[in-house]
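Asks:
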Amino acid sequence: MYLYDQYDQAMVDARVAEFRDQAQRRLDGKLSEDQFKPLRLMNGLYLQLHAYMLRVAIPYGTLSSRQMHALADIADKYDRGYGHFTTRQNIQYNWIKLEEAADILADLAKVEMHAIQTSGNCIRNISSDHFAGAAADEVTDPRPYAELLRQWSSFHPEFAYLPRKFKICVIASDRDRAAMKLHDIGIQIVEKDGEMGAAFYVGGGMGRTPMIAPCIKDFVPLDRLVSYAEACLRVYNRYGRRDNKYKARIKILVHEMGADAYAKEVDEEFAHLLDQGVEPPFAELERIRTFFEDPAFAAAGADDEIDRSDPDFALWVDRNTHAHKADGYVSAVVSLKPVGGIPGDATAEQMHLMADLARDYSFDELRVMHTQNIVLPHVRKSDLHKLWTALDEAGLGTPNLDRIGDIIACPGLDYCSLANARSIPLAQKISQRFADNGKEETLGELKLKISGCINACGHHHAGHIGILGVDRKGTENYQLLLGGSEAEDTSLAKITGPGFTEDGVVDAIETVSDLYLSSRVEGERFIDTYRRIGMTPFKEALYG
Amino acid sequence: MIILTGNDLKSGAVVWWDGQSWSRHVNEAADVGDKAEEILAREEAARRVNVPYAIEAEKDANGVRPAHIKDRVRALGPTVRPDLTMKPADPAALDWVI
Chain W
1128 MYLYDQYDQA
1138 MVDARVAEFR
1148 DQAQRRLDGK
1158 LSEDQFKPLR
1168 LMNGLYLQLH
1178 AYMLRVAIPY
1188 GTLSSRQMHA
1198 LADIADKYDR
1208 GYGHFTTRQN
1218 IQYNWIKLEE
1228 AADILADLAK
1238 VEMHAIQTSG
1248 NCIRNISSDH
1258 FAGAAADEVT
1268 DPRPYAELLR
1278 QWSSFHPEFA
1288 YLPRKFKICV
1298 IASDRDRAAM
1308 KLHDIGIQIV
1318 EKDGEMGAAF
1328 YVGGGMGRTP
1338 MIAPCIKDFV
1348 PLDRLVSYAE
1358 ACLRVYNRYG
1368 RRDNKYKARI
1378 KILVHEMGAD
1388 AYAKEVDEEF
1398 AHLLDQGVEP
1408 PFAELERIRT
1418 FFEDPAFAAA
1428 GADDEIDRSD
1438 PDFALWVDRN
1448 THAHKADGYV
1458 SAVVSLKPVG
1468 GIPGDATAEQ
1478 MHLMADLARD
1488 YSFDELRVMH
1498 TQNIVLPHVR
1508 KSDLHKLWTA
1518 LDEAGLGTPN
1528 LDRIGDIIAC
1538 PGLDYCSLAN
1548 ARSIPLAQKI
1558 SQRFADNGKE
1568 ETLGELKLKI
1578 SGCINACGHH
1588 HAGHIGILGV
1598 DRKGTENYQL
1608 LLGGSEAEDT
1618 SLAKITGPGF
1628 TEDGVVDAIE
1638 TVSDLYLSSR
1648 VEGERFIDTY
1658 RRIGMTPFKE
1668 ALYG
Chain C
1360 MIILTGNDLK
1370 SGAVVWWDGQ
1380 SWSRHVNEAA
1390 DVGDKAEEIL
1400 AREEAARRVN
1410 VPYAIEAEKD
1420 ANGVRPAHIK
1430 DRVRALGPTV
1440 RPDLTMKPAD
1450 PAALDWVI
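Protein sequence lines correspond, in order, to chains W and C. Residues in the first sequence are numbered consecutively from 1128, following the working numbering. Residues in the second sequence are numbered consecutively from 1360, following the working numbering.
1. Helix, strand or coil for W/T1474? Go by DSSP, reduced to three states.
2. Helix, strand or coil for W/D1598 per DSSP?
3. Just the chain C side, please: which residues come within less than 7 Å of W/A1178 by C-beta, in chain order?
4. Could you pull out every residue in the same chain whose Cβ sits closer than 8 Å to the Cβ of W/D1445, ignoring the five residues on either side in sequence?
5. Name, going along the chain, the residues of the stretch 1219-1246 of chain W whose beta-carbon falls closer than 9 Å to a beta-carbon of chain C.
6. Beta strand (DSSP E) containing W/L1181: first to last residue?
7. Thinking C-alpha only, which one of C/N1366, C/T1444, C/A1372 and C/E1402 is nearest C/G1378?
8. Cα separation between W/G1367 and W/G1650?
9. Starting from W/L1476, find everything on chain C with Cβ-Cβ shorter than 9 Å and list it in chain order.
10. Taking 8 Å as the threshold (beta carbon to beta carbon), is C/T1364 in contact with chain W?
11. Any C-beta of chain C within less than 9 Å: which residues of the stretch 1589-1604 of chain W qualify?
12. Could you check which residue in W/R1647, W/V1648, W/T1656 and W/D1641 has the C-alpha nearest to that of W/L1669?
13. According to DSSP, is W/E1392 helix, strand or coil?
14. Which two residues bound the contiguous beta strand (DSSP E) that contains W/P1323?
15. Indicate the three-state DSSP secondary structure (helix, strand or coil) for W/F1346 in the structure shown.
16. Quick one: measure Cβ to Cβ for W/E1567 and W/I1531, integer angstroms, because I've assumed they're closer than 8 Å.
17. Taking the continuous beta strand (DSSP E) assigned at W/T1213, which residues delimit it?
18. Taking only the alpha-carbon atoms, compute the straight-line gap between C/E1387 and W/R1152 and give it to the nearest angstrom.
19. Please list the partners that C/L1399 has in chain W, where partner means a Cβ-to-Cβ separation under 7 Å.
20. Which residue marks the beginning of the beta strand (DSSP E) containing W/H1196, and which one marks its end?
21. Just to confirm before moving on: does the CB-CB distance between W/C1359 and W/V1329 stay below 8 Å?
22. To the nearest angstrom, how far is it from the Cα of W/W1279 to the Cα of W/Y1134?
23. May I ask you to list the residues that DSSP assigns as paired with W/N1604?
24. Would you say C/D1393 touches the ligand FMN, meaning its beta carbon is less than 7 Å from a heavy atom?
25. For chain C, find out if any of its Cβ atoms is closer than 8 Å to the Cβ of W/G1125; answer yes or no.
26. State the Cα-Cα distance for the pair C/N1409 and W/Q1175, rounded to the nearest angstrom.
27. Using DSSP with H/G/I as helix, E/B as strand and the rest coil, what is W/Q1219?
28. Using a beta-carbon distance cut-off of less than 8 Å, what residues from the stretch 1554-1574 of chain W approach chain C?
29. For the putative contact between W/A1635 and W/L1607, defined by C-beta atoms under 8 Å, what is the C-beta separation to the nearest angstrom?
30. Got a sec: is the Cβ-Cβ distance from C/G1436 to anything in chain W below 8 Å?
31. Mind checking W/L1514: buried by the 16 CB within 10 Å criterion, or exposed?
32. Run through chain W and tell me which residues come within less than 7 Å of C/R1406, C-beta to C-beta.
33. Per the contact definition of three or more C-beta pairs closer than 8 Å, is the stretch 1164-1181 of chain W in contact with the stretch 1245-1254 of chain W?
34. Evaluate the contact criterion for the stretch 1234-1241 of chain W versus the stretch 1397-1412 of chain W: three or more CB pairs, one atom per stretch, below 8 Å.
35. Are the beta-carbon atoms belonging to W/L1306 and W/H1591 less than 8 Å from one another?
36. Could you tell me which uninterrupted beta strand (DSSP E) segments, each at least 3 residues in length, are contained entirely in the stretch 1251-1311 of chain W, listed from first to last along the chain?
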């Protein structure tokens, strides 16, 4: 885990003091809401439907036990005993008081955390593969590069007022577990002819105009990583539209310029930057790397065999663990999707428990997944049963990773001021329906994602099945989409046709999943069958 | 009827203009008729409430019901956490929102 140095800590502490003064001036009536709003948003403080909401950054989704305990304490002390893990590997608190916001930021600073750049038209929290540093299939741990970019992008004066928000993702395996091509910049660390470099995918995103990022550079030497990222941002900052917020994301610029023309501009800017001293010394990357060295894994032993005699445990192992690079270890996924539950919500007690279990079984480390679950990245196989038993007793042992019950859902109209329809109740009904009818097991991998508005925080464009909530003359209505993927085979889902009521869309999902079951051939997932047979049979089943 | 709503400056809680001040309870919302703009300007200047705005609502024997579902959710609280709403013990509250 990266640990703050004196500069990191000084920057964060100074920001807490600055915000405390700004908030007090607002409370004293010396600042209007128009004056205060951009200041609070720079510190992740939104005003949502029921209260202020604070979004806390979790860089590349990595947390220590100490930090998870601190997040639980904040939920207890300042909120209503729970938090919501988001699709960008962050956490949100829904019931924050302005009077206490600076105190929360001060508490976060004590554990090397903050809410800076979790809102506004700046470079947001850098996301990554939730199995980084543990996965058997990565070429290297991507997090040192994500950390380098975090430091580069934090308070970067040139990029504090971009045309629109900007999201960067860094991965290091051919398997994409982080929706890399659906970011403004997706970076894949690759190995080519024995040398490590970075492939840059630029101009992806979801929202009202979903686009898959094209690769504009297949290999940037790692000692030029920051310079190339800077060049990408500079070209966007220069040419990105500021006259229309709906046309302001970099995906629109890359699309309108054309990827080749954009890449040419970036190359020219990159050449210009090479002698400007933008790139940090390589020693800084080496310094960062030391924080991400492997923990002291035990040698593989005879007790690493998993006792599968308990069928519930065996099912959880099959569903919720992932291959690890070290013999005798796996990464274990803690599902925050109990049947009928609220996706991504965890109580303070559950957060404390996960922190304790990470301390006992995962070298003090946790990860937040963009799919709103938690990972204990380094669990010895011989500890799995003890881990599962503790999780199961706390309602955290649902064996549903990548199944239809493992639904991504944005907060929707229950919390969000931008939403047009509720997302969470729909997720609850679908999860319950497929638990009751027993089809979840049969369906296999099926990724379902729900957004309550066109902004697509619930990634509906990238769901094998996606649902978009819309406002139809004051009534909630739901469009159904099929065929999306945010994995290495990224694709954008297409709308099936006219929308449905809340209950109607739950029935519709059962209809399309039944068609899949009756149409699939050996080994096909839902997305494979959809791609083979196309939309037409699904439309016929839905609309006759 | 036309009623006014916003979020309390300190707590962010949803509040409703009751004719004299801001109440947490939508049933205490007053019909401001054609005075909405005047009251909103005055209250915004006083800086006690964030971004207050006027909405349409209906009033019957059961109380005041905002016309749009978003404001009904604001009035009650998150429908997925009845324990955190203004009516935690009322199983019919969700029907009022929908």
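Don't be surprised by glycine CBs; every beta carbon is placed ideally from N, CA and C.
Replies: According to the structure shown:
1. Here W/T1474 sits in strand by DSSP.
2. Assignment of W/D1598 by DSSP, reduced to helix, strand and coil, places it in the strand class.
3. Those within 7 Å of W/A1178 in chain C are S1370, G1371 and A1372.
4. A distance below 8 Å between beta-carbons, with the five flanking residues on each side excluded, links W/D1445 to the following residues of its chain, in chain order: P1526.
5. Result list: N1221, W1222, I1223, K1224, L1225 and E1226.
6. Y1179 to V1183 is the extent of the beta strand (DSSP E) around W/L1181.
7. Out of C/N1366, C/T1444, C/A1372 and C/E1402, C/E1402 has the C-alpha closest to the C-alpha of C/G1378.
8. Answer to the nearest angstrom: the Cα atoms are 44 Å apart.
9. A small fix is needed here, since residue 1476 of chain W is Glu in this sequence, not Leu. The premise fails here: W/E1476 is roughly 15 Å from chain C at the closest Cβ pair, so nothing lies under 9 Å.
10. For C/T1364, the answer is no, since every Cβ of chain W falls outside 8 Å of its Cβ.
11. Hits within the stretch, in order: D1598, G1601, T1602 and E1603.
12. The option with the nearest alpha carbon to W/L1669 is W/D1641.
13. Three-state DSSP puts W/E1392 in a helix.
14. The amino acid at residue 1323 of chain W is misidentified as Pro; the sequence shows Met. From DSSP, the beta strand (DSSP E) with W/M1323 extends over E1322 to V1329.
15. Note: W/F1346 maps to strand in three-state DSSP.
16. Contact flag correct, Cβ pair sits at about 5 Å.
17. Neither: W/T1213 is in no beta strand (DSSP E) and is coded neither H nor E.
18. Taking the straight line joining both Cα atoms gives about 31 Å.
19. Listed along chain W, no residue sits closer than 7 Å to C/L1399 by beta-carbon distance, the nearest being about 13 Å off.
20. That residue, W/H1196, is in no beta strand (DSSP E); its alpha helix (DSSP H) goes S1192 to Y1205.
21. Contact flag set, yes.
22. Those two C-alpha atoms are separated by around 13 Å.
23. According to DSSP, which records beta bridges pairwise, W/N1604 is partnered with W/V1597.
24. With respect to small molecules bound, the structure shown includes none, and the ligand FMN cannot be examined in it.
25. This structure does not reach residue 1125 of chain W, given that chain W is present from 1128 up to 1671, and the question cannot be answered.
26. Going by the C-alpha atoms only, they are around 11 Å apart.
27. DSSP places W/Q1219 within a strand segment (E or B) once states are collapsed to three.
28. Of all residues in the stretch 1554-1574 of chain W, Q1555 have a Cβ within less than 8 Å of some Cβ in chain C.
29. With a Cβ gap of about 5 Å, W/A1635 and W/L1607 count as contacting.
30. Yes, contact with chain W.
31. Buried: at least 16 other Cβ atoms inside 10 Å.
32. Contacts between C/R1406 and chain W, judged by CB atoms closer than 7 Å, involve G1156 and S1159 in chain order.
33. Result yes; three or more Cβ-Cβ pairs closer than 8 Å.
34. The stretch 1234-1241 of chain W, when compared against the stretch 1397-1412 of chain W, does not touch it at the 8 Å Cβ threshold.
35. The sequence shown places Ala at residue 1306 of chain W, rather than the Leu named in the question. In this structure, W/A1306 lies away from W/H1591, with their beta-carbon atoms at least 8 Å apart.
36. Runs of the beta strand (DSSP E) lying entirely within the stretch 1251-1311 of chain W, each at least 3 residues long, are 1295-1298 in chain order.
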